[in-house]
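Quick note: to get the numbering used here, add 29 to the position in the sequence shown (first position is 1).
Every residue gets a Cβ at the ideal spot worked out from N, C-alpha and C, and that includes glycine.
Presented below is the structure to which this report refers.
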Amino acid sequence: MWNKKTIFWLGLSLTFSLIYSTMALKQAFSGQYVIQDDARLHVFWMRRFLDPELFPHDLIADYFQFLAPWGYQTFYKIFALIGVDPVVLSKILPGCLGLFITFYGFLITIKLLPIPLAGFISTLMLNQNIWMKDDLASGTPRAFFYPLFLAFLYYLLQGSWWLCLLTIALQGAFYPSTSLISVGILMLRLFDWQGNQVRLSRNSKDYLFCAASLGVLILFLLPDLLEPANFGEIFTAAQAKEMPEWRTGGRVPFFHTYHQLLGLCDKYSGPLPTEWCSLMSQYTPKYVLLPPQIWLSILLPIFRQFPSRFPLTQKISQKIIILPQVIFVSLGLFILAHWVLFKLYLPQRYTEHTLRIVVALAGGIALTIIINTVLRWSMQNRQNYRYRQILGVGLTLLLMATMISYPYFLRMRKYPFPRSAYIINDKESLYQFLTVQPKDTLIATLADEGDNIPSFTQRSVLMTKEYISPFYPRYVNETRQRISDLLNAQYSPDISQAKNFIQQYGIDFWLIENSAFTSEYIKHNKWLHQFQPAASNADAVLKKDIKPALARFLNRCSVWKDESLVLLKTSCILNDRD
């Protein structure tokens, strides 16, 4: 297996993985105040591992720590013990995980088709697929899906049962939905399709292995299952349908396309990866899907029906059945997740990752078959041999060049590649000011800038748009109460309401946008509309040109300001005797 050709193509595959991750790494370290979008939720609170005094009695930090799988927490905590900042680790981690993804993806491909070129093409497509979405760049639990699932598939094809069980255990500890897919695949493989008949396996080892995997799954999910329900039981579908957070304009707009026929790419309820639909050209029909390996993967089963025309298909292993098995189980869990909404979290999580993997592996094999067929055609007949040879080599080089340069075409269409979703901010003086404040400082704000404050200053915010999460009752109720109270206090003509709010929550600073007291403010911030009647009351005050009491403190109590924001010290407001 490990000959010079294999090592060369594996090395080239790893090189492209490093190129893509380096491009993302350059963005990650392009400034002092840069953080990945989802890391603002799932990583910021881990700085508690470095300093236990950070985020004291912080509802937001407590909630996202509650959500984090225990293996994921432990991984970051181990590095924190040796002084590695979790946010820095979350930026470095994607590149390391990308190498594991490439390594296992390459090994799986040459298990299915023992041609090193196929391993290179498949892993190149896989890396392009993954970096078209910010899952890997986030360093959050879902970034671990790809290396752990690919490792499971490889060890399954290899017949390494103990390593299979180990990967299932790690999946349960880092991203539990992965382990459900893996165990589902093992259960499906108990059935043997022979012609039109389905038979159960007669090998007792298959049943023992399946039982062992179920045991491992349960064992490693127990820490999460037995954790006290500090935030209540997750909402049911019936309850969620009545909540504005789950409808259009809400934090998780699950139901806005739920009953539409073509909601295939819906971010939360559809089975397809969202970027497959967002890559469409303005000149193509609405549901034409890209990237191109999707169509290549569809060609693979067609090629296998014509082995005389595509002779390389004869070298494809029977183990290729693993790819449709992955799709079958993923779709089954997707349907089940809809049926028991939201007990298995969001349905799309069971299909989007596996589809990216399967179309890349199958597409890479299909393109290898095409290249092989073209080259064989160019050398088959002595008539016009030189012409055929030039044409065959030219077509092969064109296919390879097109595949390698695909990210460039994405950028031409203004689709960012790699898609890392890093937040780069320029409010350096604000962050520096807040960072030197006491560690129990609490900031109230309706501004979008509040989403960045915990990550860039290690200081708490009362509640902001980014931290709204509509899954658990206690957190939802507290979120609604806090933002409603903040709206009422910020727009009340009576300063006593603002003072009572400050004292009730222990607010130290109040960050306000300069446009906050204009008549269009509530209208333009549509996310506030779900907090009724507070949002309507605030809008009514602004439209009637009634001056909110807080407006007169914008200059008097300001401790920091720029062209868009002003930071008020609340002790100044409380000491006001007017």
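Starting from the C-beta of Leu596, find all residues in its chain whose C-beta is less than 6 Å away, skip the five residues before and the five after it, and write them out in chain order. Excluding positions up to five away in sequence, the list reads Phe538, Leu540, Val588 and Trp589.
Beta-carbon proximity of Ile130 to Tyr183, cut-off 8 Å: For Ile130 and Tyr183, no; Cβs fall outside 8 Å.
Whole angstroms is fine: what's the gap from Leu128's alpha carbon to Leu47's? Taking the CA atoms as reference points, Leu128 sits about 7 Å from Leu47.
Determine the closest residue to Phe58 out of Asn454, Leu246, Gly201 and Tyr297, with distance taken between C-alpha atoms. Distance from the Cα of Phe58 is smallest, within the candidate group Asn454, Leu246, Gly201 and Tyr297, for Asn454.
What would DSSP say about Thr313, mapped onto helix, strand or coil? For Thr313, the predicted structure reports a pLDDT of 48, less than 50, and the residue's modelled location is therefore unreliable. A value from the coordinates is still provided. In the structure shown, the three-state DSSP call for Thr313 is coil.
Span of the beta strand (DSSP E), counted from its first residue to its last, around Gln461: DSSP places Gln461 in no beta strand (DSSP E) but in the uninterrupted alpha helix (DSSP H) bounded by Glu457 to Thr464.
For the stretch 450 to 465 against the stretch 157 to 169, do three or more pairs of beta-carbon atoms, one drawn from each stretch, fall closer than 8 Å, so that the two count as touching? For the pair of segments examined, the stretch 450 to 465 was found to touch the stretch 157 to 169: the number of CB pairs separated by less than 8 Å reaches three.
Within a Cβ cutoff of 7 Å, which residues of the same chain sit near Ala391, ignoring the five residues on either side of it in sequence? Excluding residues within five positions, the ones whose Cβ falls inside 7 Å are Ser326, Leu329 and Leu352.
Considering Arg228, what are the terminal residues of the alpha helix (DSSP H) in which it resides? Counting along the chain, Arg228 falls outside any alpha helix (DSSP H), though it belongs to the beta strand (DSSP E) covering Gln226 to Leu229.
Relative to the alpha-carbon of Ile398, which residue among Ser593, Phe332 and Thr474 has its alpha-carbon at the smallest distance? If we check each option's Cα against that of Ile398, Phe332 comes out closest.
My guess is that Ser242 and Leu179 are in contact by the Cβ rule of under 8 Å, so how many angstroms apart are they, rounded? About 17 Å separates the Cβ atoms of Ser242 and Leu179, ruling out a contact at the 8 Å cut-off.
Bridge partners of Ala240, per DSSP? The partner list for Ala240 (beta bridge, DSSP) is empty, contrary to what the question assumes.
Determine whether the beta carbon atoms of Thr493 and Tyr460 lie at a separation below 8 Å. For Thr493 and Tyr460, no; Cβs fall outside 8 Å.
How about Pro300 and Thr380: do their beta carbons lie closer than 8 Å? Yes, Cβ-Cβ distance for Pro300 and Thr380 is below 8 Å.
I need the DSSP call for Glu542, collapsed to helix, strand or coil. If DSSP states are grouped into helix, strand and coil, Glu542 belongs with the strands.
Could you check whether the stretch 474 to 491 touches the stretch 197 to 204, counting it as contact only if at least three pairs of C-beta atoms, one from each stretch, sit closer than 8 Å? Result no; under three Cβ-Cβ pairs closer than 8 Å.
Just to confirm before moving on: does the CB-CB distance between Gly278 and Lys555 stay below 8 Å? Contact check for Gly278 against Lys555 passes: the beta carbons are separated by less than 8 Å.
Does the Cβ of Tyr312 have 16 or more other Cβ atoms within 10 Å, making it buried, or fewer, making it exposed? Annotation note: pLDDT 39 at Tyr312 (below 50); position unreliable, coordinate value reported separately. Under this definition Tyr312 is an exposed residue.
Quick check on Leu471: does DSSP put it in helix, strand or coil? If DSSP states are grouped into helix, strand and coil, Leu471 belongs with the strands.
Can you tell me where the beta strand (DSSP E) holding Ile350 begins and where it ends? It is not in any beta strand (DSSP E) - Ile350 carries neither H nor E in the DSSP assignment.
Would you mind reading off the limits of the alpha helix (DSSP H) that contains Lys25? The shown model of the chain, from 30 to 607, leaves out residue 25, and the question about it has no answer.
So what does DSSP say about Tyr451, is it helix, strand or coil? Residue state, collapsed to three classes: strand.
Could you work out which residue in Pro321, Asn32, Leu251 and Ile400 is closest to Pro340 when comparing CA atoms only? Among Pro321, Asn32, Leu251 and Ile400, the Cα nearest to that of Pro340 is on Ile400.
In terms of alpha-carbon separation, which member of Tyr520, Ser593, Ala578 and Gln533 lies closest to Asn566? Checked all of Tyr520, Ser593, Ala578 and Gln533; the closest Cα to Asn566 is Tyr520.
Ordered along the chain, which non-local residues of its own chain (more than five positions away) have a Cβ less than 6 Å from that of Pro502? The residues Gly261, in chain order, have a CB closer than 6 Å to that of Pro502 in the same chain once the five nearest residues on each side in sequence are set aside.
Span separating the alpha-carbon of Asn584 from that of Ala545: Rounded to the nearest angstrom, the two C-alpha atoms are 14 Å apart.
Alpha carbon to alpha carbon, what distance is there between Phe371 and Tyr297? One alpha carbon belongs to Tyr297, the other to Phe371, and they sit about 11 Å apart.
Anyone know if the C-beta pair for Pro273 and Arg385 falls short of 8 Å? Their beta carbons are not under 8 Å apart, which means Pro273 does not touch Arg385 by this criterion.
Since Glu598 is in the beta strand (DSSP E), which residue starts that stretch and which ends it? Correcting the residue identity first, residue 598 is Lys in this sequence and not Glu. Where Lys598 is concerned, the enclosing beta strand (DSSP E) stretches over Leu594 to Lys598.
Backbone CA spacing between Thr470 and Ile536 [nearest angstrom]: C-alpha separation (whole angstroms): 8 Å.
What residue from Thr207, Pro522 and Leu396 has the CA that sits closest to Leu153's CA? For Leu153, the closest of Thr207, Pro522 and Leu396 by C-alpha to C-alpha distance is Leu396.
Coil, strand or helix - Ile398 by DSSP: DSSP, read as helix, strand or coil, puts Ile398 in helix.
Nearest CA to the CA of Leu579: which residue from Gln526, Ser548 and Gln532? The shortest Cα separation from Leu579 among Gln526, Ser548 and Gln532 belongs to Gln526.
Thinking C-alpha only, which one of Leu177, Phe582 and Arg338 is nearest Thr383? If we check each option's Cα against that of Thr383, Leu177 comes out closest.
Own chain partners of Leu217 with C-beta closer than 8 Å, once the 5 adjacent residues on each side are dropped: For Leu217, where only same-chain residues beyond five positions count, the Cβ hits under 8 Å are Gln354, Phe357 and Val358.
So the beta strand (DSSP E) Ile623 belongs to, where does it begin and stop? Examination of residue 623 is not possible in this model, given that the chain is present from 30 through 607 alone.
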